[in-house]
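To keep things clear, I will list the structure first and then write my remarks on it.
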Amino acid sequence: MPTYEYVCEACGEDFDVFQSMKDEKLKKCPKCGRLALKRKIGCGAGIVFHGHGFYCTDFKNNNSPAAKKA
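Heads up, the sequence shown is in the numbering used here, so the first residue is 351 and it goes up one at a time.
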């Protein structure tokens with residue numbers, strides 16, 4: 351489930367909500383109670399590479415010594 355960022359146009363409250371894509375957009379601000387929430391357009395998630403060997407296989411300097419085997 352994605353995290354959506356909302357901002358209240360009345361009081362300026364800015365917060366994140368973890369909700370399903372099927373859920374309706376929130377309308378009521380939890381801080382001031384007004385119906386002035388707008389969902390911000392996100393830029394998406396960043397890419398994070400995990401795992402053994404990523405650095406060695408993709409960014410290895412050809413002049414560096416070979417990796418030792420465990």
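From the three backbone atoms N, C-alpha and C, an ideal C-beta is built for every residue, glycine too.
Quick check: what's the CA-CA separation for residue i versus residue j?
{"i": "Arg389", "j": "Val398", "result": "25 Å"}
{"i": "Tyr356", "j": "Lys375", "result": "9 Å"}
{"i": "Lys372", "j": "Leu385", "result": "20 Å"}
When burial is assigned at 16 or more other CB atoms within 10 Å of the CB, is residue i buried or exposed?
{"i": "Cys379", "result": "buried"}
{"i": "Cys382", "result": "exposed"}
{"i": "Cys358", "result": "buried"}
Below 8 Å on the Cβ atoms is my guess for residue i versus residue j; work out the distance and round it to an integer in Å.
{"i": "Phe368", "j": "Thr353", "result": "5 Å"}
Run through DSSP, which three-state label would residue i get?
{"i": "Leu376", "result": "coil"}
Tell me the DSSP bridge mates of residue i?
{"i": "Arg389", "result": "Tyr356"}
{"i": "Val367", "result": "Tyr354"}
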